[in-house]
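Counting from 1 along the sequence shown, just add 94 to a position and that's the residue number in the numbering used here.
The C-beta atom is built at its ideal place from N, Cα and C for all residues, glycine as well.
Because the structure is a prediction, the values reported are computed rather than measured.
Okay, so here's the structure we're looking at.
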Amino acid sequence: MHFFKDLAPVKAVKSAYNKIPVGQYGRPQYPSVSVFNLNRFYKTNELAFSCIRAIAYAAMDPEPVVERKTANKWGTEEGHPLRSLLMWPNPSMSGAEFMQTILTSAQISGWFYAEIVRDGLGLPDQLWPLDPSKIFPVPGDDGQGGVISGYEFRDGTIKEFIPAKDMIAYRLPNPGSRFEALSPLMVALGTIDADVAMTDYIRAFFDGGGMPRGVVKVKRSLSDEQITSIQQRWLLRYGRRGKMKEAPAVLDNETDYTKIGASMDELENETIRGQHESRICGAFGVPPILVGAYVALVNVNQRASVRESQRDFWQNTMSPTFTQLRLFFTTRLLPEFEPVALIRGERVRCGWNMDHVAGMQEDTDAVHKRARDDFNGGGLSWNEFRAKIGESPDPDGNFFLLPTGFKPITPKIALAQATTLAATDTSTSADGGGDPGAGGGAGNSGDGNQGGKSTANPNRAPQVKSFEYEGLSLRREPTALEKKAGLPQIVAAMDEGEASLEKTLLRIREAMINTCVEDLQKLDPGDYHTLAITISGAQTKQVRSSLSNTFERGRESVTRELQTQAEGKAIILRLSSKAASPGAERLDELALSTLTKLANDVQARAVGRASELILLGLSPKDDAQAAKVKPASFWKQLETDLEEGSTQYAKRAASGATNAALNLGRTLEAEERADEIKEVVYSAVLDQNTCGPCEDADGETGATDDDVTSVPNPICEGGSQCRCLHIHVLA
C-alpha cells in the first residue's frame with residue numbers, strides 16, 4: 095500500500111493563501127463600491143463615457159480565431175466551435191456587440207459576467223451577458239482558499255444561483271480582494287466627481303444669470319417670509335429666465351449687495367478642467383485627442399496628431415487588453431472544446447485576426463514603396479511584390495530582378511579568390527618576397543618600400559583548411575556514415591550535372607541575347623526598361639531534361655548508400671520510372687525558375703549595356719545627326735558586348751539548380767523508403783568554406799528529412815550554391 099501511495103501524484107497545497115479570510119461559505123459577497131453609482135457617473139460624465147466608448151468601439155474590429163500548431167507553425171483553424179460561439183454568442187447579439195459589452199462592463203465595474211447555455215452534449219451553445227450590479231460571487235468550501243463555487247443573481251425578489259462552471263466571469267484584477275475588481279472608472283472616480291461638480295457649478299452659474307453668489311444686506315430686521323420673498327423676486331428678475339436678466343440691479347439706500355462667490359475668470363477654469371481631463375484619460379489609457387478632450391484641442395501639435403495617438407492607443411492600451419482577453423478565452427472557454435493537455439502543451443490557443451483594425455495597419459504608400467524598393471533591389475520576386483500590395487499572383491511571376499552591376503560573392507567565388515591569393519603569396523615568397531611588378535628584389539616588401547620589412551596585405555582572404563578524401567577537398571574529415579554515403583559519386587553527379595546544364599543554359603543565353611537585341615530595336619530608349627524575355631516551351635524542356643538526369647542520380651545515390659550500410663544485404667530497388675517520377679511537377683518548377691533567373695540576368699545586362707552605349711555617344715536611331723557611328727554598328731556592338739560578357743551568372747544558375755535537383759531526388763527516394771530509414775543526419779562536409787548557418791546545422795538529426803534543416807539550406811550565405819546533404823541511416 096505504501097508503495098502505491100508513493101507513486102500517487104502529490105497534490106499542491108497553498109499555505110498563506112488559505113489563511114486569508116475570504117467570506118463565509120455559501121454567503122454572497124457584496125462589493126464595497128456600488129456598481130449602480132458607477133453606472134450613474136458613466137452616464138453623466140461626458141469624458142468618462144467617451145473614453146469607455148472609444149475602448150468598446152475599438153474592440154469591434156478584431157475577430158477571434160482559434161490557432162493550432164502544426165509542424166512548429168501556428169495556423170488558423172477554420173470553423174472551430176469556439177470561434178463560432180464568439181462570433182454569434184446568442185440569437186440577439188453579434189460577436190462585435192458581445193466584445194463591446196465585455197469591455198464596457200469591465201471598464202465601468204471591473205467585471206463582465208455571461209451565463210453559459212449548453213447544448214444536448216453539454217458544450218457551450220450560447221453566451222448571455224448579465225448586469226454586474228446584480229451578480230454576487232459565492233465562496234466555496236473546498237479547502238482551496240475560497241474558490242468561488244457559483245454566483246447569485248438578484249433582481250428585486252428574484253434570486254437565482256448559477257454554478258461557476260456555467261458562468262463566464264472576466265475580472266480586472268484588484269490586489270486587495272479576490273471577490274472585487276478594480277476598474278479604471280473606480281480609480282478615476284474622485285476626479286470624475288470633481289469634473290461633474292464643476293459642470294454643475296457652471297450650470298448653476300448660468301442659471302443664476304451669470305452672476306456669482308452674493309449677500310443682499312438690508313438695514314432693518316426681516317422675517318423669514320420676507321427673506322424668502324426677496325430671494326424669489328431677485329431670481330425672477332435677474333436669474334437665468336428672469337425678465338430683467340440683462341438690466342442692471344437697482345437697490346434703495348437701505349440695501350447693499352456683497353459678492354461671496356467666485357466669477358468664472360477667477361476659477362482658472364481652463365487649468366482645472368485640463369487637469370481633470372488628463373487624469374481621467376490617463377486612467378482609461380485613452381489619448382485625449384481621440385475623445386475630443388479640451389486639453390488636447392488647446393495643446394495639439396504635430397507630435398500629438400490623431401494618427402500617432404491612434405497608434406499609441408493600440409500599442410499601450412488595446413494590445414495589452416486583447417492579450418488579456420486572448421489568455422482569458424484560452425484558459426476559460428477553450429477547455430470546453432479542446433483537451434487541457436493540448437492547451438498546456440501549447441498546441442492550440444485563442445488568437446485575434448487584426449486585418450480589419452485600422453489602427454494596426456501600416457500606411458499604404460509606405461508599404462508600396464518598401465515593396466517596390468525590395469523588388470527593384472532583387473529582394474522580392476514579382477509575385478512576392480504583388481502579394482505585398484494586395485494583388486493576385488501572376489502565373490509567370492516567379493522571377494527576380496538583378497540590379498545592373500550586382501555581383502554576389504558566394505562561398506565558391508570566395509574560395510577561388512582565396513586560392514588565387516594564396517598562390518600569389520607562395521610565388522612571392524619563393525623569389526625572395528619581392529613584387530615583380532614593383533621591381534623589388536630581395537628584401538623588397540612588394541609595395542615599393544625598401545628596408546626588408548614585410549607588410550601584410552589587408553585584402554588577403556584567410557587560409558582555408560581542408561581535408562583530402564578520395565580526390566575531394568572537404569571542410570573536415572568525413573564521418574563513418576558519410577564515407578558510406580558515397581561522397582565521390584555524389585560530387586561527380588553534381589559536377590557532371592552542373593556541366594551539362596551549364597552548356598544548355600549557355601545555348602539558351604545566346605538565343606536570349608539575340609531576342610533582346612531584336613526587341614530593343616523596336617523600343618524607344620525611354621522604354622528599354624519594359625523589355626521582357628518570353629521563355630519558350632522548348633527551352634523549358636531542355637533544362638528539365640538535364641535536371642531530370644541529376645534528379646534520378648540523386649535517387650540512385652540513396653539506394654547505394656543504404657546498400658553500403660547494409661554490408662551486402664540486398665535491398666529491393668523501388669525506383670519509379672522517369673515518366674512517373676513523383677518529382678515531375680517540382681522539376682518543372684525548378685526548370686522554369688532557373689530559366690526565369692537566367693532571363694532576368696540577360697535582360698538586365700542588355701538594358702544596362704544599351705543605356706551605357708547611348709551615354710558613350712552611340713545612337714540606336716537612323717536619323718541621329720550627331721551619332722559617331724551608324725545605328726547598325728550600335729546594335730552589333732551591343733550584341734558583341736553581351737556575347738563576350740561574363741557567363742558566371744549562367745554557371746551559378748546551373749550549379750544551384752543541379753544541387754536542388756539532386757537533393758530533391760534524394761528526398762523523394764527517402765520518402766519511398768521511409769520504412770527502411772530510421773534517422774536522417776544533416777551533413778555540411780562537401781562545402782570546403784562552410785558558412786555559419788550550415789555549420790550550425792551540421793550534424794542535426796531527425797526521424798525524416800522534414801525534421802532537420804532542409805537542403806539546400808534556405809539561409810545558407812551562399813544561397814543556391816549550398817552543397818549540404820541529408821545522409822540517411824538504415825533502420
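When the beta-carbon positions are compared, residue 744 and residue 641 stay at least 8 angstroms from each other. Rounded to the nearest whole angstrom, the CA to CA distance from residue 378 to residue 275 is 15 angstroms. If you ignore the 5 residues before and after residue 163, its C-beta comes within less than 6 angstroms of the C-beta of 441, all in its own chain and listed in chain order. The residues 575, 659, 771, 772, 773, 774, 775, in chain order, have a CB closer than 8 angstroms to that of residue 823 in the same chain once the five nearest residues on each side in sequence are set aside.
Under the three-state reduction of DSSP output, residue 616 falls in the coil class, being neither helix nor strand.
Of the candidates 215, 247, 204, 247 places its Cα closest to the Cα of residue 224.
Taking the Cβ atoms as the reference, residue 132 lies roughly 6 angstroms from residue 203, within the contact range of under 8 angstroms. In the structure shown, residue 444 adopts extended strand secondary structure according to DSSP, grouped into three states. The Cβ atoms of residue 690 and residue 493 lie closer than 8 angstroms to each other. In this structure, DSSP gives residue 773 an extended state, which the three-state scheme calls strand. For the region 186-262, the full-length beta strand (DSSP E) segments reaching 3 residues or more read 205-212, 218-224, 229-233, 242-249, 252-257 along the chain.
Look at residue 692 here: in three-state DSSP terms it is helix. In this structure, the CA atom of residue 373 is about 7 angstroms from the CA atom of residue 285. Around the beta carbon of residue 151, fewer than 16 other beta carbons lie within 10 angstroms, which makes this residue exposed. In the DSSP assignment, residue 161 forms a beta bridge with 170, 443.
When C-beta atoms of the region 429-447 are compared with those of the region 135-153, fewer than three pairs fall below 8 angstroms, so the two segments do not count as touching.
When the five nearest sequence neighbours on each side are left out, the beta carbons in the same chain lying within less than 7 angstroms of the beta carbon of residue 426 are those of 262, in order along the chain. Boundaries of the beta strand (DSSP E) harbouring residue 821: 819-824, taken from the DSSP string. Here residue 794 has 775, 776, 802, 803 as same chain residues with Cβ atoms under 8 angstroms from its own Cβ, once five neighbours each way along the sequence are excluded.
Note: residue 562 is bridge-paired with 567 in the DSSP secondary-structure output. Inter-segment contact for the region 207-215 and the region 161-178 is absent: fewer than three beta-carbon pairs are separated by less than 8 angstroms. If you compare the alpha carbons of 610, 765, 812, 405 with that of residue 653, the shortest gap goes to 765. The DSSP-derived three-state label of residue 293 is helix. Using a Cβ distance threshold of 8 angstroms, residue 696 and residue 607 count as a contacting pair.
Just measuring C-alpha positions, the residue of 705, 643, 560 sitting nearest residue 621 is 705. The alpha-carbon separation between residue 685 and residue 813 amounts to approximately 17 angstroms. Excluding its 5 nearest sequence neighbours in each direction, residue 200 has C-beta neighbours in its own chain below 7 angstroms: 206, 264, 266, 277, listed in chain order.
Between residue 476 and residue 467, the beta carbon gap of about 14 angstroms keeps them out of contact (Cβ cut-off 8 angstroms). Sequence-distant Cβ neighbours of residue 260 in its own chain, meaning closer than 6 angstroms and more than five residues away, are 210. The continuous beta strand (DSSP E) containing residue 311 extends over residues 308-312. Annotation for residue 661: no alpha helix (DSSP H) segment contains it, and DSSP assigns it neither H nor E. DSSP places residue 184 within a strand segment (E or B) once states are collapsed to three.
Under DSSP, residue 796 shares a beta bridge with 774. Here residue 644 is buried, its C-beta having at least 16 other C-beta atoms within 10 Å. The straight-line gap separating the alpha-carbon atoms of residue 139 and residue 365 is approximately 18 angstroms.
Assignment of residue 767 by DSSP, reduced to helix, strand and coil, places it in the coil class.
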